[in-house]
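Report on the structure given below.
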Amino acid sequence: MTHPLLQAGISIDIIPLPPNRKGNDMCELTERVTSVCIEAGIILQDYAHRGFKVNSKEGTELVTEADTAAEEFLKSELLGILPEASFIGEETWDGIIPDPPAWIVDPLDGTNNYAAGIPFYCISVALADREGLLLGCVYDPLRKEMFTARRDEGAWLNGKRIAVSSALSLSDAIIATGFPYSRKENNLTFDLDVLKRFLGRVRGIRRCGSAALDLAYTAAGRLGGFWEEKLNLWDMAAGVLLVREAGGNITGFREETWTTKSPGVQCSTPGVWNEFRELIGKCP
5 MTHPLLQAGI SIDIIPLPPN RKGNDMCELT ERVTSVCIEA GIILQDYAHR
55 GFKVNSKEGT ELVTEADTAA EEFLKSELLG ILPEASFIGE ETWDGIIPDP
105 PAWIVDPLDG TNNYAAGIPF YCISVALADR EGLLLGCVYD PLRKEMFTAR
155 RDEGAWLNGK RIAVSSALSL SDAIIATGFP YSRKENNLTF DLDVLKRFLG
205 RVRGIRRCGS AALDLAYTAA GRLGGFWEEK LNLWDMAAGV LLVREAGGNI
255 TGFREETWTT KSPGVQCSTP GVWNEFRELI GKCP
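Residue 145 in the working numbering sits at position 141 of the sequence shown, with consecutive numbering throughout.
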């Protein structure tokens, strides 16, 4: 399915990618997936310029016409690349995790930012096979930054290899977090309990509003760590692979490992991991 905007002949940005070794199917797959992400970014930018309808989801979470249009496009194009794969998308998921291979897609991570005109959102696409996460792409259409990772091969930003921060102490790190949209009386102050333990121990704390980009920023060494509970699979999948391949430590929130059923995520550069995990684990 070609979106009408793309049929109109809008030029596609050329973004450098990791080196392509001739005959490497994963390199070729990466090129095709990143091209689809760039095209989906054009769709998001088009809606941002001409306006869109906004509806409410659970709690204070929003969904826009742009989310739906981008997901429809991504689903069509990605299944065209790998027809035997299943598709897990934020706006259309039926609640069942299918057998792999499967595309795991958030067409617009940071919808509340997007709807408010705050320039921090992205497209997140991951591919999982029977061994786990195989490919991850997080694309920021505003900054034209394409974060990519391939299992056992590494992580890149616009074709240049990236690595997590070299910080050895939380006092040398800026960390990030996010707050759940669904709030109940018994968890209204959870974030404050965690934040209190970090305040005064870190260089700074950020709450930017896109878990996928926060994970990508951790992989690129911009952030020293990130945690958030109550995330969905599509919020995390691509970013988890990015952090792993960039040399970071990452598990599910207050878990020993990360799985597709993890309720959230915690990650950091190795130099602060023990301190980082201990502070999160102490909170009730």
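Every residue, glycine too, gets a C-beta built ideally from N, C-alpha and C.
Note that the structure is a prediction, hence the values are computed from the model and not measured.
On the three-state DSSP scale, how would you describe residue i?
{"i": "F151", "result": "strand"}
{"i": "C212", "result": "coil"}
{"i": "G93", "result": "strand"}
{"i": "G45", "result": "helix"}
{"i": "N59", "result": "strand"}
{"i": "D113", "result": "strand"}
{"i": "L137", "result": "strand"}
Taking Cβ positions, are residue i and residue j nearer each other than 8 Å?
{"i": "A250", "j": "A159", "result": "yes"}
{"i": "L246", "j": "F151", "result": "yes"}
{"i": "I122", "j": "A44", "result": "no"}
{"i": "L86", "j": "V142", "result": "no"}
{"i": "V109", "j": "E75", "result": "yes"}
{"i": "V198", "j": "A177", "result": "no"}
Tell me, please, which residues DSSP counts as bridged to residue i.
{"i": "G84", "result": "Looking at the DSSP assignment, G84 forms no beta bridge with any residue, so it has no partner."}
{"i": "Q270", "result": "W231 and T255"}
{"i": "K164", "result": "L161"}
{"i": "V142", "result": "S128 and F151"}
{"i": "I107", "result": "For clarity, residue 107 is Trp in the given sequence; the question names Ile instead. Paired residues: F91 and L131."}
{"i": "A180", "result": "R210 and F230"}
{"i": "T68", "result": "V58"}
Classify residue i as buried or exposed, calling it buried when 16 or more other Cβ atoms lie within 10 Å of its own Cβ.
{"i": "K57", "result": "exposed"}
{"i": "P267", "result": "exposed"}
{"i": "P102", "result": "exposed"}
{"i": "L174", "result": "buried"}
Which residue's Cα is closest to the Cα of residue i: the options?
{"i": "H53", "options": "E35, N59 and A70", "result": "A70"}
{"i": "G136", "options": "I166, L112, G213 and R154", "result": "R154"}
{"i": "Y118", "options": "L33, A106 and I47", "result": "I47"}
{"i": "T72", "options": "C41, E95 and Y51", "result": "E95"}
{"i": "L161", "options": "L199, F91, V206 and Y221", "result": "Y221"}
{"i": "T264", "options": "E282, V244 and E149", "result": "V244"}
Is residue i near the ligand SAH - that is, is its Cβ less than 7 Å away from at least one heavy atom of it?
{"i": "E75", "result": "Absence of the ligand SAH from the depicted structure is noted, as is the absence of any ligand whatsoever, leaving it without description."}
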